[in-house]
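Participant:
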Amino acid sequence: MLSTGLVWDERLMWHNPVGAGPLRAGGWVQPGQHAESAEGKRRIKNLLDASGLTSQLTQVHAREATRDELLRIHDAAYLDRLERESAAGGGDAGDGHSPFGPGGFMLAALAVGGGLAAVDAVLDGAVNNAYVLVRPPGHHALADRGMGFCLLANAALAAAHARARGIERVAIVDWDAHHGNGTQAAFARDPSVLTISLHQDSVFPPGSGGVGENTGDTINIPLPPGSGAGAYAHAFSEVVLPALRRFAPGLVVIACGFDSAGMDPHARLMLHSDAYRALTTELMAFAQGKVVAIHEGGYHEASVPFLALAVIETLAGVRTGVEDPFLPNMAGPAGQELQPHQAAAIAQAR
Ligand code: ZN
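Quick note on this note's numbering: the sequence shown kicks off at 1 and runs consecutively.
(1) Out of A345, A231 and G94, point me to the one whose CA is closest to G212's CA.
(2) Ends of the alpha helix (DSSP H) at S273?
(3) Is the beta carbon of F204 less than 8 Å from the beta carbon of A156?
(4) Would you mind working out which of A160, A287, H300 and D274 sits nearest D264, comparing C-alpha positions?
(5) I'd like to know if the region 194-209 and the region 167-186 are in contact, where contact means that at least 3 CB-CB pairs between them fall below 8 Å.
(6) Does DSSP classify M270 as helix, strand or coil?
(7) Give the single residue among A118, D324, P325 and L309 whose Cα lies nearest to the Cα of V318.
(8) Quick one: Cα of H139 to Cα of A334, how far?
(9) For R165, which of C150, L251, Q342 and I312 has the nearest alpha-carbon?
(10) CA-CA distance, F236 and L279?
(11) Under the assumption that H97 contacts F149 (Cβ atoms under 8 Å), give the Cβ distance between them as a whole number of angstroms.
(12) Please indicate yes or no: does the CB of D174 lie closer than 7 Å to some heavy atom of the ligand ZN?
(13) Measuring alpha carbon to alpha carbon, tell me which residue in V132, H341, Q200 and G90 is nearest L151.
(14) Contact check, A231 vs Q342 under 8 Å by CB: the rounded distance?
(15) For F326 and V7, I'd like the C-alpha separation in whole angstroms.
(16) Taking the Cβ atom as the reference point for each residue, do R183 and A229 lie within a distance shorter than 8 Å?
(17) Report all residues from its chain with a CB closer than 6 Å to the CB of G5; omit the five preceding and five following residues, and keep chain order.
(18) Among P328, G19 and P225, which residue has its Cα nearest to the Cα of W28?
(19) Given 7 Å as the limit, tell me if D259 has its C-beta closer than that to any heavy atom belonging to the ligand MG.
(20) Is L338 helix, strand or coil when you go by DSSP?
(21) For the alpha helix (DSSP H) containing I44, list its first residue and its last residue.
(22) L283 and V291 look like a contact to me (Cβ under 8 Å); what is the Cβ gap, rounded to whole Å?
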């Protein structure tokens, strides 16, 4: 019997440049799939196709945003760095949670351009409204760096594009579970763009998005964990809708994250498909229905297609007949109705 050696080190199996959930892999964090993966978005597109809804929509083609368009929000030096690292095989946009691979800059610019093309289609009257199903997301990206999986500021750049096309006032309503800090920063000193972010209180970025940052045209509504359809309906009726009535936007951009839903692993909020339908309907009452919804977060891959279908069905005024099989599990748990501590938090944002 021969004696046979074996060399084995588990850590060698962890060599992987991709990531692990929301973090960069390394140290004691075993690599796996990065949270911001293609799977959830592909499943949305597949459900749109399988339900027959795609054939009832008008295809709007994404184009790469130009450098001048990106410079409306981002610094030249940051764009140069992204372009250089992208050409050299990849890098990270800024915080270690926002990796990109070869050609990542071009892909991010294409995601931005999807939003710009949608704004053009709506403003040209080719469509009434639009859903922009792109990745990487954008609402955390700052002028000089990316963060939170975001490279370029998709929603902010869409709003800036509408402004450049002569729309006097643009409102951005961000219902992603996390604070739209990049969007807020882009327009902090620009009263022509109203930014409203509803998010779980101080999840990401940590400490960001409190009511202390609120001004007339920057509105944060930090919600306690566990907030559901009742809390969002109350926040809309008490804060969001009155602000939109006062502001009278010519275009509404939705930073449409689905990580505010009940089964998402990255936050502790409780929205469900019927709640997203209701919120979408409320926003369609403004700007003559000119609404551009731009996809942001949403990480529960099995259920997120039904949430996006609900929003897109609502935008299109169509019911496909697909019932959300997750709705009983997401709408059923106790606590969906407004709770007193949630009302108190919302009152702070007024
Ligand atoms: Zn998010």
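A virtual CB, placed ideally from N, CA and C, is assigned to each residue, including glycine.
From a predicted model like this one, the values you see are computed outputs, not experimental measurements.
Facilitator: Answer, in terms of the structure:
(1) A345
(2) S273 to L283
(3) no
(4) Cα-wise, what sits closest to D264 is H300.
(5) yes
(6) coil
(7) L309
(8) Per the coordinates, the alpha-carbon of H139 lies some 31 Å from the alpha-carbon of A334.
(9) It is L251.
(10) 8 Å
(11) 6 Å
(12) no
(13) G90
(14) 4 Å
(15) One C-alpha to the other measures close to 47 Å.
(16) Residue identity differs from the one stated: residue 183 is Thr in this sequence, not Arg. No. Outside cutoff.
(17) none
(18) G19
(19) No copy of the ligand MG occurs in the structure displayed; its ligands are the ligand ZN alone.
(20) coil
(21) Note, I44: alpha helix (DSSP H), E39 to S51.
(22) With a beta-carbon spacing of about 6 Å, L283 and V291 fall inside the 8 Å limit used to define contacts.
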